[in-house]
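Undergrad: Shown below is the structure under consideration.
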Amino acid sequence: MAGSNAFEALDDFLSEGLDLPVRGADGVVREYHIADPSAEAGIKIERITSLAARLAAGGSAPEGPVLDDDEEIDLYRLCLGDTYGKLRAETSWTMFKHVSLTVMLWITSDEATALEYWKTGEVPGKAGRNRAERRQMSRASSARGAANETPSPASTSGTRAGSPHRSRGGRPRAQRQT
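Counting with the working numbering, you get residues 891 to 1068 for the letters of the sequence shown.
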């Protein structure tokens, strides 16, 4: 007898695929539909990626590549399914790999993780700040540090004639002999 807690069909909330707009080698953006992998392919993808994650978590780099070239291509083929051949023929290596890794994260994690990787090229949670953000943070902390320093009573603006030039360390530089 089914009560109010009866299970409903899973397809009501599970995605059956991923649609990605991808710029091809010819410069044209096309939308590619990557179907949800079969259960067998999903199991293989999970096994391969969990092995790689365990190796990475070990702290030391593996002696050789985790996957050889053929295994890497097989992983991409498993992830991309029927779209593999078309994507490989129509995109550059960089775009092909980005799409493949996005799909792999979608399969092994979720759509939000895949979307974050799609936008940044970095795995969420491990993403470092980009160069501009690091510079901005450095400037902000330098400005805060400078604003908090109290100038010494002997400091001047450096515009007085005859005053010795100061190095960054605050000590007068040796004056030139004329």
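For glycine and all other residues, C-beta sits at the position ideal for the given N, C-alpha and C.
Which complete beta strand (DSSP E) runs does the region 906-974 hold, if anything under 3 residues is left out?
TA: Taking only runs of at least 3 residues, the beta strand (DSSP E) segments lying wholly in the region 906-974 are 907-913 and 919-925.
Undergrad: Among Thr998, Gly932, Val989 and Ile963, which one has its Cα closest to the Cα of arginine 920?
TA: Sequence index remark: in the sequence shown, residue 920 carries index 30 (1-based). It is Val989 whose Cα lies nearest to the Cα of arginine 920.
Undergrad: For the putative contact between leucine 910 and isoleucine 935, defined by C-beta atoms under 8 Å, what is the C-beta separation to the nearest angstrom?
TA: The sequence position of residue 910 within the sequence shown is 20, counting from 1. The sequence position of residue 935 within the sequence shown is 45, counting from 1. Their Cβ separation, rounded to whole angstroms, is 17 Å, which puts leucine 910 and isoleucine 935 out of contact at 8 Å.
Undergrad: By alpha-carbon positions, which one of Gly1015, Ile963, Leu957 and Ala929 ends up nearest to leucine 941?
TA: Your numbering for residue 941 matches position 51 in the sequence shown. Closest by alpha carbon: Leu957.
Undergrad: For the alpha helix (DSSP H) that contains alanine 1002, what are its first and last residues?
TA: Taking the first residue of the sequence shown as 1, we reach residue 1002 at position 112. 1001-1010 is the span of the alpha helix (DSSP H), which, as asked, contains alanine 1002.
Undergrad: What are the boundary residues of the alpha helix (DSSP H) that phenylalanine 986 is part of?
TA: Translated into the one-based positions of the sequence shown, residue 986 becomes position 96. Its alpha helix (DSSP H) spans residues 983-998.
Undergrad: Does the region 971-982 come close enough to the region 999-1017 to have 3 or more Cβ pairs within less than 8 Å?
TA: Flag = no, the region 971-982 and the region 999-1017 do not touch.
Undergrad: So isoleucine 938 and leucine 965 are in contact, right, with Cβ under 8 Å, and what is the actual spacing, rounded?
TA: Locating residue 938 in the sequence shown gives position 48, counting from the first residue. Locating residue 965 in the sequence shown gives position 75, counting from the first residue. Right, their Cβ atoms sit about 6 Å apart.
Undergrad: Are the Cβ atoms of tyrosine 922 and threonine 973 separated by less than 7 Å?
TA: Locating residue 922 in the sequence shown gives position 32, where the first residue counts as 1. Locating residue 973 in the sequence shown gives position 83, where the first residue counts as 1. For tyrosine 922 and threonine 973, yes; Cβs fall inside 7 Å.
Undergrad: Determine the direct distance from the alpha carbon of valine 1013 to that of valine 912, and round the result to whole angstroms.
TA: Counting from one through the sequence shown, the residue named residue 912 turns up at place 22. Counting from one through the sequence shown, the residue named residue 1013 turns up at place 123. Their backbone Cα atoms lie some 19 Å apart in a straight line.
Undergrad: Buried or exposed for isoleucine 933, please, with buried defined as at least 16 other CB atoms from any protein chain shown within 10 angstroms of its CB.
TA: Along the sequence shown, one-based indexing puts residue 933 at 43. Isoleucine 933 is exposed by the Cβ-count criterion.
Undergrad: Who are the near neighbours of glutamate 898 in its chain, counting only those whose CB is closer than 6 Å to its CB and skipping five residues on each side?
TA: In the sequence shown, residue 898 corresponds to position 8, counting from 1. Once the five neighbours on either side are set aside, glutamate 898 has no close Cβ partner at all.
Undergrad: Report, in whole angstroms, the separation of the C-beta atoms of glycine 914 and alanine 925, which I expect to be a contact under 8 Å.
TA: Taking the first residue of the sequence shown as position 1, residue 914 is located at position 24. Taking the first residue of the sequence shown as position 1, residue 925 is located at position 35. About 20 Å; that fails the 8 Å criterion.
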